[in-house]
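Novice: Pasting in a structure now, in C-alpha cells, and then I'll have a few things to ask.
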Amino acid sequence: MNALNFPCHLHAVKGKALFLKRVITRNCQFQTEGSVVNYKKIFCKHVRNAGNSLGYTGELQTEDTKYLLDGENIQVTRTKKTRKLVEKIKDMLNDMKDGRSSVSPYDTAWVALIKDINGSDRPQFPSCLEWIIENQHSDGSWGEQFVFCIYDRLLNTLACVVALTTWNTTPEKRNKGVLFIKENICKLERGNVENMTCGFEIVFPALLDKAQHLDIDIPYNAPVLKNICARRDMKLKRIPKDVVHTIPTTLLFSLEGFCDLDWKRLLKLQMQDGSFLTSIASTAFAFMETNDLNCLRYLQRVVKKYNGGAPHSYPVDMQARLWAIDRLQRLGISYYFEEEFKDMLDHVQRYWNQDIGIFSGRNSNFCDIDDTCMAIRLLRLYGYDVNPGKLIINK
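Per the UniProt record's numbering, residue 1 is the first one in the sequence shown, and the count goes up by one each step.
Following this line, the structure appears as C-alpha cells:
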C-alpha cells in the first residue's frame, strides 16, 4: 500500500472504484468546457498517468473504460444542465420589465367590489370575481399556498368572502370561507406579530365592518377581534389627519382602512400611473370613492396583465431587479450575469431620485428604506455615482 492508501493494482477489492473516483474528482473537475472528444482524451490520460504513478502498468479494460465514460457523461450532463439553467435565468432577467409578483386574493377582492361604471347591477371586473371563485383552497381559505400564515389567510379569506357576498354568488364557497374564519380566528391570539401582513391592524378591522354590514356570520365580539379593533383606533388617533392628506407616506398604501378622507386633497398625492403608492386595493378603494378615471385606467392595465387577478403591488420593477441581483450575488454565481446586471442597474439609476431615493416601483413620490438601501449598496458596488449623503441632508 502506498502513501496515498491506494492498492498497487487497480483490480484489488474496492481499490479500482475508489481510485477512479478520486482521479475523476481530483484531475477532471476543471473540464467544464470543450468538446467531448478532447474531454475523453484528457480524462483517460489523467487516469493512466495516475495509475502508472501508483505502479499500475496494465491497460484499462473494457469495464474500466465504461466506468470512466460514465464519469465523463455525468460531468458533461452537469455542464449542460448548468448552461440550461443559466440561460433560463438570463431570459428571466432580460424579461423582467415591470417586475412580476403573484396574484393577491385580498387585492383581487377589492377590485371585484367595484360596480359597473355604466350602472348595471354587475361587477366592473367580473374576471376578478371568477379568479376568486376558482382559487379557493381545499380548507375554504384564500391566501399564500405554500406557507401558512394566519394573518395572511384570514385577511385574504375575509376579503374574498365579502366580495362573494356582495355579488351573491357561489354560496357554497362563501360558506366554506366563513367556516374557515370561525374555526381559525382564535389563532390570531397566538400569531407571531413579525409575520403580520402590511397594514393588517388598519385594513382588517375595515373589512370586519364591511362583513358586519353584509350580515356575514362572524364572531365580531371575540376578544381577539375587539383587541385588533382597539389597536386600530389607537393607531389612527396618533396619526394627524393632515399628514394623510399632504405628505406621501406608507398610509397611502392602505387607504381602504380609513374613513372620512378628503379625496380632493388626496388625489394630489396620486402617482403618475394613476395608482396610490402602487397599491391595487388602495387604488380600487379610491376609485369607488372618487370615480377617478386615472385610477380606473390603472386597474384595467393591471387586471389585463394578470389575466383577471391583481397583485399586491404594481409595478415592482425596482424591487425585482435589486433583489434578483442581490440573491444571485449571495449564491456566488453573479459572474454568469454581468451583462444583465448592468442593464438592470442602468434601469435603477435611471429612476433614482437623489433627494429621496427609490420605491419598489418607478416614478414614485415616496421612497422606502429597504429598496433605497439596497439600491445604494448595489449601485455603488458596480461603480455608479450615488451619494447617500444627499438623502440624509434632505431628510
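All C-beta atoms in this analysis are idealised placements derived from N, C-alpha and C, irrespective of residue type, glycine included.
Within 8 Å, do at least three Cβ pairs link the region 147 to 161 to the region 95 to 113?
Specialist: yes
Novice: In three-state DSSP terms, what is Val-386?
Specialist: Coil.
Novice: Rounded to whole angstroms, what is the Cα-Cα separation between Tyr-314 and Glu-256?
Specialist: 17 Å
Novice: Helix, strand or coil for Gly-177? Go by DSSP, reduced to three states.
Specialist: Helix.
Novice: One question on the structure: do Ile-358 and Met-318 come within less than 8 Å of each other, judged by their Cβ atoms?
Specialist: yes
Novice: Does DSSP put Glu-33 in a helix, in a strand, or in coil?
Specialist: Residue confidence is low: Glu-33 scores 37 on pLDDT, short of 50, so the model does not pin down where it sits. No coordinate-derived value is stated.
Novice: Would you say Asn-156 and Trp-142 are within 8 Å of each other, going by their C-beta atoms?
Specialist: Yes, the Cβ-Cβ distance between Asn-156 and Trp-142 is below 8 Å.
Novice: Rounding to the nearest angstrom, what Cα-Cα distance links His-347 and Thr-246 in this structure?
Specialist: Distance between the alpha carbons of His-347 and Thr-246: 29 Å.
Novice: Go ahead and pull the three-state DSSP assignment for Gly-257.
Specialist: Correct three-state label for Gly-257: helix.
Novice: From the DSSP output, which residues share a beta bridge with Gly-99?
Specialist: Per DSSP, none; premise fails for Gly-99.
Novice: Are at least three pairs of beta-carbons, each pair with one atom in the region 288 to 297 and one in the region 262 to 278, less than 8 Å apart?
Specialist: yes
Novice: For the alpha helix (DSSP H) that Thr-278 lies in, which residues bound it at each end?
Specialist: No alpha helix (DSSP H) contains Thr-278, which DSSP labels as neither H nor E.
Novice: From the DSSP secondary-structure annotation, give me the bridge partner or partners of Leu-334.
Specialist: Reading off the sequence, residue 334 comes out as Ser, not Leu. Answer is none; Ser-334 lacks a bridge partner.
Novice: Per DSSP, which one or two residues make a beta bridge with Pro-123?
Specialist: For Pro-123, which the question treats as bridged, DSSP gives the partners Lys-115.
Novice: Using 8 Å as the threshold, is the region 168 to 179 in touch with the region 126 to 140, meaning 3 or more CB pairs across them?
Specialist: yes
Novice: What separation, rounded to the nearest whole angstrom, lies between the Cα atoms of Ile-216 and Lys-237?
Specialist: 28 Å
Novice: Between Pro-219 and Gln-212, what straight-line distance do the alpha-carbon atoms span, to the nearest angstrom?
Specialist: 10 Å
Novice: Count the other CB atoms, across all protein chains shown, that sit within 10 Å of the CB of Asp-95; report buried if there are 16 or more and exposed otherwise.
Specialist: exposed
Novice: Let me know if Pro-126 comes out buried or exposed under the rule of 16 or more other beta-carbons within 10 Å of its beta-carbon.
Specialist: The residue is exposed, with fewer than 16 neighbouring Cβ atoms inside 10 Å.
Novice: Quick one: residues in its chain with C-beta nearer than 7 Å to the C-beta of Gly-308, no 5 flanking neighbours on either side, listed in chain order?
Specialist: Only residues of its own chain outside the window of five on either side were considered, and among them Ser-127, Cys-128, Glu-130 and Trp-131 have a CB closer than 7 Å to the CB of Gly-308, listed in chain order.
Novice: Using a 10 Å radius around the Cβ and a threshold of 16 neighbouring Cβ atoms, would you call Thr-197 buried or exposed?
Specialist: buried
Novice: In three-state DSSP terms, what is Pro-311?
Specialist: strand
Novice: Are the CB atoms of Tyr-336 and Val-86 within a distance shorter than 8 Å?
Specialist: yes
Novice: Under 6 Å Cβ to Cβ from Val-224, same chain only, skipping five residues before and after it: list those, please.
Specialist: Leu-188 and Glu-189
Novice: The alpha helix (DSSP H) with Arg-190 in it runs from where to where?
Specialist: Arg-190: not part of any alpha helix (DSSP H); DSSP gives it neither H nor E.
Novice: Which residues in the same chain have their Cβ closer than 8 Å to the Cβ of Pro-311, if we skip the five residues on either side of it in sequence?
Specialist: Ser-101, Ser-102, Val-103, Ser-104, Asp-107, Ile-280 and Val-302
Novice: Could you check if Cys-28 is buried or exposed, using at least 16 other CB atoms within 10 Å of its CB as the buried criterion?
Specialist: At Cys-28 the pLDDT is 39, less than 50, meaning the model places this residue with poor confidence; the figure from the coordinates comes in the next sentence. By the 10 Å Cβ count, Cys-28 comes out buried.
Novice: Short check: CB of Met-271 to CB of Asn-365, under 8 Å?
Specialist: yes
Novice: Considering only the alpha carbon of each residue, which of Arg-362, Pro-248 and Leu-252 lies closest to Thr-283?
Specialist: Leu-252
Novice: Give me, in chain order, the residues of the same chain whose beta-carbon lies closer than 7 Å to that of Arg-377; leave out the 5 immediate sequence neighbours on both sides.
Specialist: none
Novice: With 16 other CB atoms within 10 Å as the buried threshold, where does Ser-120 fall?
Specialist: The residue is exposed, with fewer than 16 neighbouring Cβ atoms inside 10 Å.
Novice: Quick one: grab the DSSP three-state call for Asn-365.
Specialist: Coil, per DSSP.
Novice: Would you kindly work out how many angstroms separate the C-alpha atoms of Phe-341 and Pro-388, rounded to a whole number?
Specialist: 21 Å
Novice: Which partner residues does Asn-353 have in the DSSP bridge list?
Specialist: Gly-357
Novice: Would you report the Cα separation of Cys-259 and Met-92, rounded to the nearest angstrom?
Specialist: 41 Å
Novice: Does DSSP classify Leu-269 as helix, strand or coil?
Specialist: helix
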